[in-house]
Amino acid sequence: MVPITTFHYLVVAAILFVLGVMGVLLRRNLVIALMSVELILSAVNLNLVAFSRMWGNLHGQAFAIFITVDAVAQTIAGLGILIAFFGNHETGQ
Amino acid sequence: MNSTLNSGVASVSAPFFYLLAGLAIFGGVLVITRRSAVHSALALMGTLLAVAGLYSTLSAPFVAGVQIIVYAGGIVLLFLFAIMAVNIERSDRDGRFRRMWPAVLVASCGLLGWFLYAFAKSRALFPNRMMTLPVSSNVQDIATMLYGETGKTGEYTLAFEVASLLLLAAIVGAVIMTRKKADTAINPATALATDPAKE
């Protein structure tokens with residue numbers, strides 16, 4: 001069996017990234033578009049952690065934690081804008 | 001950080017990796033294809049948990065724990081609350097995809113192909129190795145980078161403080177954006193009386 005290398009993780013992250021891009025561009029539903037942005041950020045995190053392991057230092061993991069914080073802030077702002085625009089009775093197209 | 005060279009062989013067993021990667025990609029496909037937003041949120045949770053498993057195979061237990069607690073716990077819950085607050089289910093009445101979906105599909109596959117081509121071309125540039133990071137002191141090492149040791153600040157202390165400011169700004173912004181009109185916000189009784197859900 002082929003040993004798992006950094007390359008394998010990069011391929012998985014690339015597929016997740018492209019799925020996220022497709023979700024943002026394709027879906028009419030705004031909440032699902034925001035979820036797709038989470039997929040993109042997750043793919044970036046996976047790349048960073050894989051490279052962190054490849055080089056044997058922890059900078060990638062520290063960056064991944066900051067990107068997680070960033071994703072949280074982005075989700076809060078995005079869903080806040082969504083609720084402010086569409087309220088309780090409109091549809092979120 | 002005392003890393004030892006592992007001569008190109010990762011410590012993760014291949015079937016485990018392929019299981020986690022398959023779960024992550026399958027969940028990602030479900031996120032962008034399900035009609036119901038709630039189903040998408042649950043699929044997103046599955047994807048994020050599988051990615052957390054991938055982190056733990058990359059000797060990053062702390063990032064894996066943060067992923068589970070913050071992403072799979074917090075963000076998915078936030079999405080579910082937002083789906084509950086905004087009546088999103090009706091919005092897919094005229095098709096869940098935009099009309100330009102064939103072009104997006106072609107462009108996305110082109111992007112993926114370009115990524116894979118770039119990876120394959122540059123594979124020789126990457127060192128074909130996986131270092132073994134010390135797992136038992138992982139949390140302590142990351143904490144040293146973020147907060148510093150006694151007497152000196154860490155490499156990422158400033159970034160840590162800026163991140164806390166960013167979170168504070170996001171929270172204040174969300175509170176200001178989502179509150180009701182000023183007169184109803186002051187008095188909880190009138191705010192309850194004009195609740196549109198009760199109409």
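Line order of the protein sequences matches chains L and Y.
Residue numbers are given in our numbering: position 42 of the first sequence equals residue 42, and the series is strictly consecutive.
Residue numbers are given in our numbering: position 10 of the second sequence equals residue 10, and the series is strictly consecutive.
Every residue gets a Cβ at the ideal spot worked out from N, C-alpha and C, and that includes glycine.
Item                                                                                                                 : Value
Exposure label - residue 16 of chain L; buried when at least 16 CB within 10 Å                                       : buried
Beta-carbon proximity list for residue 34 of chain L, same chain, < 6 Å, skipping 5 on both sides                    : 78
Continuous alpha helix (DSSP H) stretch holding residue 18 of chain Y: start and end                                 : 14-33
Closer than 8 Å at the beta carbon, the chain Y residues around residue 40 of chain L                                : The premise fails here: residue 40 of chain L is roughly 10 Å from chain Y at the closest Cβ pair, so nothing lies under 8 Å.
DSSP state of residue 132 of chain Y mapped onto helix, strand, coil                                                 : strand
Chain L contact for residue 83 of chain Y (CB, 9 Å cutoff)                                                           : yes
Proximal residues to residue 27 of chain L (C-beta, below 8 Å), its chain only, five neighbours per side dropped     : 33 and 36
Where residue 37 of chain L meets chain C, residues with beta-carbon distance less than 7 Å                          : Absent from the structure is chain C; the protein chains it does hold are L and Y.
The stretch 5-23 of chain L touching the stretch 24-44 of chain Y, judged by at least three CB pairs closer than 8 Å : yes
Contacting residues, own chain, Cβ-Cβ under 7 Å from residue 23 of chain Y (five flanking each side not counted)     : 46 and 50
Closest residue to residue 69 of chain L among Y:139, Y:127, Y:33 and Y:171 (Cα-Cα distance)                         : Y:171
Exposure of residue 63 of chain L, with buried meaning 16 or more beta-carbon neighbours within 10 Å                 : buried
Proximal residues of chain L, C-beta to C-beta of residue 59 of chain Y below 8 Å                                    : 53
Residue 72 of chain L at chain Y interface by Cβ criterion, 9 Å                                                      : yes
Min CB distance residue 21 of chain L to chain Y below 9 Å                                                           : yes
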